[in-house]
Amino acid sequence: MAGIAETDPVLEGSGIEAPVERNVRRMFGFLERFAPAVGAKVAVELWCTPPVMDASLKMPPGVPAGSAVEAFWDGHRVVGASWGEGPPVYLVHGWGGCQAHLGVFIKPLVAAGHRVIAFDLPSHNDSGPGQLAPGRTTIVECARAVKAFVQTHGPARAIIGHSLGAKAAALAVAEGMPVERMVFLAPMGDFSLYLNTFAMRHGFGPRIRTGLHRRLDRRLGIPLDDTDIAAVAGRISHPPLLLVHDPDDPDSPYRASERIAEVWPEARLVTTRGLGRLAHYRILRHRPAITVALDFIGTAPAMKL
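With the UniProt record's numbering applied, the sequence shown corresponds to residues 1 to 305, in that order.
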């Protein structure tokens, strides 16, 4: 599927973000000089707001409607759907994504004897918000939603996470969530990189960036850097991990997966090639990436009577 058309629903609104409006950049430039604390307050709200993508919410062709499922964390509701019977495999989409982004895995996993559960992260699509205003959430809230689904619907035979979904799944494991094996597709890199990119795109400098980082640490209740997968790896039991990444990915650096593989003893890194500027989302429809992930998870073990 390397030649997948760019009209694929997963690729529409592909995460290559629209330029920030000039007046927003001008505002941040002013606040950087004269009121960086105010600038940091505005920036943290923008940081915690998932982008609205143009991607279709429809599942790939041939995937039937699933049975509605839900879970709650700290009283907050997240919703999803399930297919099949057997040990659960959970599908965790990325920032601004939806259940359908990983929908290509549903039919083959069900055929292999698994129950497949896909859900929307907090403040995404039909799931409710967390502690913040509607339309906003954090990596910690996303991790708690992942953990809540596994606690509600059964220990994970496997988790497949894309981008921020991989980071949320790793953080959930660090908080004690059981999982037999994990697949990370183009996992999100270290947040320090995204802070720099966010500052550059919005036109502010080190004063607001420092304040933004400080506010995020407070909002999360833990240092932002401690949520990075390479940092999380030192706090968990290291279930077998498959990383699949393309060096062309402009949204999540390939080096992030290399670093994770270096510090995660049971990790294997598979490199795709030639997916281009849309690599971050093309990987979700790339036949070799799908095949290696399915082979890694394998057929569901027989259920004990």
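In this text, a Cβ means the ideal position worked out from N, Cα and C, and glycines have one as well. None of these values were measured; they are calculated from a predicted model.
query                                                                                                             : result
The region 280 to 290 / the region 219 to 231 touching (three or more Cβ pairs under 8 Å)                         : no
Short Cβ contact (8 Å threshold) for Gly154 with Arg77                                                            : no
Inter-residue spacing [alpha-carbon to alpha-carbon] between Glu12 and Arg26                                      : Low confidence applies here, because Glu12 scores a pLDDT of 45, under 50, leaving its location unreliable; read the following figure in that light. C-alpha separation (whole angstroms): 29 Å.
Cβ shell of Asn196 (< 8 Å), same chain only, five flanking positions each side left out                           : Arg209
C-beta atoms of Gly86 and His114 nearer than 8 Å                                                                  : yes
Close-in-space but distant-in-sequence residues of the same chain around Pro51 (CB under 6 Å, 5 per side omitted) : Gly96
Simplified DSSP assignment, three categories, for Ile222                                                          : coil
Ala100 beta carbon less than 8 Å from that of Pro122                                                              : no
DSSP beta-bridge partners of Gly161                                                                               : Val92, Phe184
Segment limits, beta strand (DSSP E) that includes Trp73                                                          : 67 to 73
Of the residues Val244, Pro253, Leu278, Ala256, the one placed nearest Thr271, counting alpha carbons only        : Val244
Residue 317 and Leu46 closer than 8 Å at C-beta                                                                   : It is not possible to answer for residue 317, since the shown part of the chain is limited to 1 through 305.
Backbone CA spacing between Ala256 and Ala71 [nearest angstrom]                                                   : 30 Å
Gly80 - DSSP class collapsed to helix/strand/coil                                                                 : strand
Boundaries (first-last residue) of the beta strand (DSSP E) holding Arg115                                        : 115 to 119
Cβ distance (whole Å) where Leu241 is taken to contact Glu262 below 8 Å                                           : That belief does not hold up - the Cβ atoms of Leu241 and Glu262 are roughly 12 Å apart, past 8 Å.
Assigned secondary structure, His238 (DSSP; H/G/I helix, E/B strand, else coil)                                   : coil
Whether Ala143 touches Glu175 by CB criterion (8 Å)                                                               : yes
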